[in-house]
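Enquirer: The structure that follows is given in the form of structure tokens.
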Amino acid sequence: MSGGALESSGEPCEAAILDLDGTVYLGDRLIAGAGESIATLRDRVGTVLFLTNKAIARRQDYSEKLRGLGVEATVDDVVNSGWVTAQYVRERYPDGKAFVVGEAPLLDEFHDAGIETTTDRPGDLVVASMDREFDYEALDVAMRTLDGGAPFLATNPDRTCPTESGAIPDAAGMIGAIEGVTGETVDEVLGKPSPRMIETALGRVGVDPERCLMVGDRIETDIRMGERAGMTTVLVLSGVTDRETIAKVGVEPDYVLDSLADIDDVLAGEM
Numbered sequence: 001m002s003g004g005a006l007e008s009s010g011e012p013c014e015a016a017i018l019d020l021d022g023t024v025y026l027g028d029r030l031i032a033g034a035g036e037s038i039a040t041l042r043d044r045v046g047t048v049l050f051l052t053n054k055a056i057a058r059r060q061d062y063s064e065k066l067r068g069l070g071v072e073a074t075v076d077d078v079v080n081s082g083w084v085t086a087q088y089v090r091e092r093y094p095d096g097k098a099f100v101v102g103e104a105p106l107l108d109e110f111h112d113a114g115i116e117t118t119t120d121r122p123g124d125l126v127v128a129s130m131d132r133e134f135d136y137e138a139l140d141v142a143m144r145t146l147d148g149g150a151p152f153l154a155t156n157p158d159r160t161c162p163t164e165s166g167a168i169p170d171a172a173g174m175i176g177a178i179e180g181v182t183g184e185t186v187d188e189v190l191g192k193p194s195p196r197m198i199e200t201a202l203g204r205v206g207v208d209p210e211r212c213l214m215v216g217d218r219i220e221t222d223i224r225m226g227e228r229a230g231m232t233t234v235l236v237l238s239g240v241t242d243r244e245t246i247a248k249v250g251v252e253p254d255y256v257l258d259s260l261a262d263i264d265d266v267l268a269g270e271m
């Protein structure tokens with residue numbers, strides 16, 4: 001369905017979960033009207049949680065970036081796939097050494113969670129994420145780790161990441177390379193739209209999914225997650241998805257907006 005008020009679901013919204021890249025900002029530029037819309041959501045809906053699949057920075061980095069763009073945010077207002085993955089590994093593989101395909105912030109996240117990591121020799125499990133220095137050596141170590149029957153995890157399934165200058169490769173490139181040489185399929189992805197991310201996000205906002213908005217620019221992750229959880233889903237066209245893509249994916253958002261600036265169209269139907 002497209003922008004414009006829809007009939008209320010009967011459950012007033014009490015929280016909103018917002019994607020970041022392509023939804024709130026592109027690169028270092030706040031999307032026009034996003035700041036005002038976030039303020040509106042906080043005033044008229046309640047809790048706003050920022051939820052990103054990017055693991056190349058940490059939660060505090062994202063909260064600082066938001067504040068720098070004029071959007072109030074604390075560390076606790078942000079959840080990202082790197083943090084969720086580190087918590088999962090700590091619970092599931094507390095004594096394991098993780099071979100991590102990822103950048104320094106993800107490694108720091110693992111270390112803060114008390115997880116031993118390696119980046120140059122086989123470990124007890126493989127964790128794949130976006131890595132702009134991914135190379136043949138890392139691919140070889142991942143292959144040797146998985147040859148031993150190790151679990152294969154990933155932070156997020158995104159193919160690309162939106163930037164001001166266009167899309168760039170995301171974690172799917174690293175995951176695909178490892179799957180290609182090993183013949184193994186990733187065992188679990190912890191970011192959107194996974195059950196783990198749904199559980200974490202809803203736990204943070206503290207409301208039932210029927211009372212929560214899920215707003216994002218990527219239909220395969222943001223909107224699919226909201227649909228799976230039973231949230232009201234809002235697709236914005238300010239990032240990686242255009243109208244032609246919607247029919248191809250098989251996931252129908254409750255609302256489609258040009259950008260977050262049009263959030264009043266949703267609130268008219270849901271409040």
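full-length UniProt numbering numbers the first residue of the sequence shown as 1 and each following residue consecutively.
Ideal Cβ positions, reconstructed from N, Cα and C, are used throughout, including at glycine.
(1) What's the call for ARG211, buried or exposed, on a 16-neighbour Cβ count within 10 Å?
(2) Determine the closest residue to HIS111 out of GLY96, PRO122 and ARG121, with distance taken between C-alpha atoms.
(3) Helix, strand or coil: how does DSSP classify ILE263 here?
(4) State the Cα-Cα distance for the pair ARG144 and VAL181, rounded to the nearest angstrom.
(5) ALA73: buried (16+ other C-beta within 10 angstroms of its C-beta) or exposed?
(6) Can you round the beta-carbon distance between ALA98 and GLY123 to whole angstroms, since I take them to be within the 8 Å contact cut?
(7) Where are the beta strand (DSSP E) runs, 3 residues long or more, that stay fully inside the stretch 211-239, in chain order?
(8) Can you pull the DSSP bridge partners for VAL100?
(9) Would you mind stating whether TYR88 and LEU190 have Cβ atoms separated by less than 7 Å?
(10) Within this structure, are the beta carbons of GLU103 and ASP131 separated by less than 7 Å?
(11) Given that a residue counts as buried once 16 or more other Cβ atoms are within 10 Å of its Cβ, and exposed if not, what is ILE168?
(12) Going by beta-carbon coordinates alone, are PRO193 and MET225 separated by less than 7 Å?
(13) Going by the DSSP bridge assignment, what does THR47 pair with across the sheet?
(14) Using the rule of at least 16 other Cβ atoms within 10 Å of the residue's Cβ for burial, across every protein chain shown, is SER238 buried or exposed?
(15) From TYR255, VAL249 and VAL236, pick the residue whose C-alpha is nearest to that of VAL24; which is it?
(16) Is the CB-CB distance between ASP208 and GLY216 below 7 Å?
(17) Note down the Cα distance separating GLY269 from GLY206, rounded to an integer number of angstroms.
(18) Quick check on ASP158: does DSSP put it in helix, strand or coil?
(19) Can you grab the Cα-Cα spacing for the pair VAL45 / ALA201, in whole Å?
(20) Are LEU51 and ALA16 touching if we call contact CB-CB under 7 Å?
(21) Under three-state DSSP, which class holds GLY121?
(22) Pick from ALA32, PRO105 and TRP83: whose alpha carbon is nearest that of ALA57?
(23) DSSP on PHE110, reduced to helix/strand/coil?
(24) Using C-beta distances below 8 Å, list every residue in its chain close to ILE38, excluding the 5 sequence neighbours before and after it, in chain order.
(25) Under DSSP, the alpha helix (DSSP H) around TYR136 begins and ends at which residues?
(26) Which partner residues does PRO169 have in the DSSP bridge list?
(27) What is the DSSP secondary structure of ASP21, counted as helix, strand or coil?
Expert: In terms of the structure at hand:
(1) buried
(2) GLY96
(3) coil
(4) 10 Å
(5) buried
(6) 5 Å
(7) 212-216 and 232-236
(8) VAL127
(9) yes
(10) yes
(11) exposed
(12) yes
(13) ALA15
(14) buried
(15) VAL236
(16) no
(17) 22 Å
(18) coil
(19) 16 Å
(20) no
(21) One point to set straight first is that residue 121 is Arg, not Gly, in the sequence displayed. Three-state result, ARG121: coil.
(22) PRO105
(23) helix
(24) LEU18, VAL24, VAL48, VAL71 and LEU260
(25) 136-147
(26) THR160
(27) strand
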